[in-house]
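Okay, so here's the structure we're looking at.
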Amino acid sequence: MMMYASCMIFIWKCIPLKEAVLPMDSSYQIITDATCDLPVDLVKKLGLAVIPMPFMMDGKEYYQYSDNHDFPSHDFYDALRAGKWVTTSQITAADYVDAFRPYLEAGKDILYIAFSSGLSGTWQRAYEAMEALRKEYPQRCIEGVDSLTATLGEGLLVYLACCKQQQENLSLHELKAWTEVYRFCVSGWFMVDDLNHLKRGGRVNAAAALVGSMLGIKPILQINQEGKLIVREKARGRRNAILNLLNKMETRFTKDTSLQTVFIVHADCAADAKAVEKEVHARFKPSHIFVNSLGPVIGAHTGPDAMAIFYMAKDRE
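The end of the sequence shown is residue 335 by this note's numbering, with every number in the run present.
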């Protein structure tokens with residue numbers, strides 16, 4: 019209970035996105051994965067480093083958050099609608115070594131906040147890289163946190179960690195400890211049009227996918243305490259599915275909603291996301307609502323027209 023109380027206190031102090039500036043303590047670098055789905059301008063404003071992650075379409079490899087930036091969101095989801103086959107792959111331990119090394123060479127320590135181990139093996143690859151680099155750079159501190167979430171849930175955790183660090187100028191170990199506790203307060207609920215994309219990628223089983231294929235049934239999914247995506251409920255029709263996500267907030271949102279930050283992510287259904295943003299504002303009046311597109315690395319598994327809402331709750335269950 020005490021953990022939840024301190025969580026509430028921090029959320030009340032959270033700064034709006036537009037006021038975010040570079041972290042105060044430059045002795046360590048905060049790093050996360052492309053699966054955070056934060057926009058490039060915010061990444062730069064927060065002083066974050068984001069590790070690009072690959073996806074393949076029509077035999078060509080692209081990297082989300084690469085220097086030449088993103089495959090246009092609408093084009094990507096139109097390609098999925100047209101039946102294009104898109105795959106993703108884990109980056110290797112060697113890739114993580116290459117991503118981390120420049121900061122260590124520059125004399126900085128590292129706090130890495132990772133894509134959920136319940137959805138990918140990237141955390142294990144990153145862990146192997148950190149173990150190797152600790153031996154190579156014994157004078158440097160290299161720490162990681164498994165976010166146990168994804169897309170703008172991971173993004174929200176990273177953003178709030180940066181806010182916390184900015185407000186209190188925390189040491190690396192202090193911020194790591196904070197992140198390990200509050201990752202379990204990031205509540206994330208999804209709706210998808212069908213589960214076949216998730217089934218193909220091994221994110222849900224065949225029985226769950228069968229539910230999603232029933233006429234007019236829209237699955238409601240949650241990222242649970244183990245960082246896995248599970249089917250929790252089903253709704254008849256898209257409108258009811260969206261209402262389900264909003265009603266979840268009614269019971270799970272922290273009591274003082276006026277200083278909350280809400281992240282909404284969508285897979286090329288901007289009009290629906292805008293309607294959800296309007297409804298969230300009317301019902302809860304949070305201090306800030308942020309809407310962004312679901313990136314290709316996660317979007318390849320959800321398919322088009324998926325949507326999720328992320329916010330801080332007392333826990334995930």
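All C-beta atoms in this analysis are idealised placements derived from N, C-alpha and C, irrespective of residue type, glycine included.
- Per DSSP, residue 247 is one residue of the beta strand (DSSP E) stretching across 247-254.
- Counting only runs that start and end inside the segment 64-137, the beta strand (DSSP E) elements of at least 3 residues fall at 67-69, 71-75, 78-82, 104-106, 127-132.
- The beta-carbon separation of residue 132 and residue 173, rounded to 13 angstroms, does not stay under the 8 angstroms limit for a contact.
- For residue 314, the enclosing alpha helix (DSSP H) covers residues 314-320.
- For residue 69 and residue 262, the gap between their C-alpha atoms comes out near 34 angstroms.
- For residue 50, the uninterrupted beta strand (DSSP E) segment begins and ends at 46-51.
- DSSP places residue 329 in the strand class (E or B) of the three-state scheme.
- Less than 8 angstroms separates the beta-carbon of residue 243 from that of residue 202.
- Excluding sequence positions up to five before and after residue 324, its CB lies within less than 6 angstroms of the CB of 210, 285, all in the same chain and listed in chain order.
- The distance from the Cβ of residue 72 to that of residue 79 is about 6 angstroms, consistent with a contact at the 8 angstroms cut-off.
- Short of 8 angstroms from the beta carbon of residue 191, and not among the five residues preceding or following it, lie these beta carbons of its own chain, in chain order: 159, 161.
- By the 16-neighbour rule on beta-carbons within 10 angstroms, residue 164 is buried.
- Contact annotation: the segment 101-118 touches the segment 139-158, with at least three C-beta pairs closer than 8 angstroms.
- Straight through space, the alpha carbons of residue 103 and residue 46 are spaced by roughly 39 angstroms.
- Cβ-Cβ distances below 7 angstroms link residue 281 to 170, 173, 174, 308, 328 in the same chain, with the five nearest sequence neighbours on each side left out; the list follows chain order.
- In this chain, residue 244 is not harboured by any alpha helix (DSSP H), its DSSP state being neither H nor E.
- Taking C-beta atoms as the reference points, residue 315 and residue 106 count as a pair closer than 8 angstroms.
- The continuous alpha helix (DSSP H) containing residue 169 extends over residues 169-186.
- DSSP places residue 192 within a helical segment (H, G or I) once states are collapsed to three.
- Contact annotation: residue 54 and residue 176 have beta-carbon atoms nearer than 8 angstroms.
- One thing to note: residue 94 has its Cβ no nearer than 8 angstroms to the Cβ of residue 321.
- Between the C-alpha atoms of residue 294 and residue 151 there is a straight-line separation of about 44 angstroms.
- Straight through space, the alpha carbons of residue 60 and residue 120 are spaced by roughly 22 angstroms.
- Cβ neighbours of residue 75 within its own chain (closer than 7 angstroms, five residues either side excluded): 97, 102, 104.
- Contact check for residue 331 against residue 270 passes: the beta carbons are separated by less than 8 angstroms.
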